[in-house]
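Comments concern the structure below.
Residue numbers (the numbering used here): 1480 to 1599.
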């Protein structure tokens, strides 16, 4: 369980010392450490090595998998995307989500709220 990472969106665009991050860390089996600039990094063991990832990198891994799945279904390359975020996300969290899309090789056309996406 220590290497099973979830809730990355609760870390994305936040600082390590924010009270919400500190409170959430008590509930996770994985380790979160403070990186440069006060940003959180998730630490896991992989093939006997300790690796650490920014939340944007973890989100980009999910987006890469979704991109691959969409490309396999469509039979063509996916370049552009519209990404949804929770309605409560602030500007920093929205920008970090956009950065995750860029890391995944996507051109994020727009970030929209999840309730808006559901209504559309």
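In this text, a Cβ means the ideal position worked out from N, Cα and C, and glycines have one as well.
Keep in mind it's a predicted model, so treat the numbers as computed, not measured.
- Sequence-distant Cβ neighbours of residue 1587 in its own chain, meaning closer than 6 Å and more than five residues away, are 1560, 1562, 1577, 1580.
- Restricted to the region 1523-1552, the beta strand (DSSP E) segments that are unbroken, complete and at least 3 residues in length are 1528-1532, listed in chain order.
- Nearest in C-alpha terms to residue 1486, of all of 1507, 1501, 1566, is 1507.
- Counting C-beta pairs with one atom in each stretch, the region 1531-1546 and the region 1505-1522 have three or more that are closer than 8 Å, which means they touch.
- For the pair residue 1490 and residue 1511, the CB atoms are nearer than the 8 Å cut-off.
- Note on geometry: alpha-carbon atoms of residue 1570 and residue 1542 lie some 20 Å from one another.
- Distance from residue 1585 to residue 1558 at the Cβ level is roughly 7 Å; contact confirmed, criterion being Cβ atoms closer than 8 Å.
- Cβ neighbours of residue 1483 within its own chain (closer than 8 Å, five residues either side excluded): 1508, 1509.
- Taking C-beta atoms as the reference points, residue 1496 and residue 1517 count as a pair closer than 8 Å.
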